[in-house]
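Note that full-length UniProt numbering gives residue 50 to position 50 of the sequence shown, counting from 1, and the numbers run on in steps of one.
All remarks here apply to the structure that follows.
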Amino acid sequence: MNIEIIQGHLQFLKQIENLKNIIRTSHTSQGRPESTAEYTWRLALFAMIFADEMADLDLLKVIKMCKNVETFYY
1 MNIEIIQGHL
11 QFLKQIENLK
21 NIIRTSHTSQ
31 GRPESTAEYT
41 WRLALFAMIF
51 ADEMADLDLL
61 KVIKMCKNVE
71 TFYY
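If you want it as structure tokens, here you go:
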């Protein structure tokens, strides 16, 4: 195990805690503003659920895209 990689992962996990505090312009089905963390979580689940229906889908790449787009956009 590379300690620098582990530290980088832990730093990333610490940073994404802030996604819970970033409110998007869209709303949940209950009508309240949705956080970026909620959106990213739902998008990742969506990809996992439909992965079996798409044989050529690189699920790991899609999951990484879910986190990267929202994390680096804001």
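Virtual Cβ for every residue (Gly too), placed ideally from N, Cα, C.
In its chain, beyond the 5 residues on either side, no residue has a beta carbon closer than 8 angstroms to the beta carbon of Ile-49. A straight line joining the alpha-carbon of Ile-23 with that of Glu-34 spans about 6 angstroms.
Your pair Lys-20 and Ala-37 checks out as a contact, with CB atoms roughly 4 angstroms apart and the cut at 8 angstroms. Of the other Cβ atoms in all chains shown, 16 or more fall within 10 Å of the Cβ of Thr-40; this residue is therefore buried.
When the five nearest sequence neighbours on each side are left out, the beta carbons in the same chain lying within less than 7 angstroms of the beta carbon of Ala-47 are those of Leu-59, Val-62, Ile-63 and Cys-66, in order along the chain.
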